[in-house]
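Each residue of the sequence shown is one higher than the last, beginning at 42 in our numbering.
Even for Gly, the Cβ is constructed at its ideal location relative to N, Cα and C.
Since the model is a prediction, treat every value here as computed from it, not as a measurement.
As structure tokens, the structure follows; a few thoughts come after it.
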Amino acid sequence: MSIWSKLRSKRQARLDEVRRDATLKAAAQGATPEQARRAGDRAASRGNTNAAITSAISS
Numbered sequence: 042m043s044i045w046s047k048l049r050s051k052r053q054a055r056l057d058e059v060r061r062d063a064t065l066k067a068a069a070q071g072a073t074p075e076q077a078r079r080a081g082d083r084a085a086s087r088g089n090t091n092a093a094i095t096s097a098i099s100s
């Protein structure tokens with residue numbers, strides 16, 4: 042396994058963890074299953090540099 046494969050798998054594992062935590066938190070706060078799924082997807086996509094820059098600019 043190359044170093045890039047290891048980094049990619051670690052990043053994917055981290056994104057999955059962030060997605061799962063956000064989904065569970067939203068569900069615990071009373072969100073519908075669809076809202077919880079979208080919250081998880083939003084949280085995972087914030088790992089993207091472009092999304093981070095956009096949110097930093099708009100806040």
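Can you have a look at ALA85 and say buried or exposed, based on whether 16 or more other CB atoms are within 10 angstroms of its CB?
buried
Taking ALA80 as the reference, which of ALA63, SER50, ARG52 and GLU58 has the closest Cα?
ALA63
Any idea if ALA77 is buried or exposed, counting beta-carbon neighbours within 10 angstroms, 16 or more meaning buried?
buried
Answer yes or no: do GLY61 and ASP82 have a C-beta to C-beta separation smaller than 8 Å?
For the sequence presented, residue 61 should be read as Arg rather than Gly. Taking 8 Å as the Cβ cut-off, ARG61 and ASP82 do not qualify as a contacting pair.
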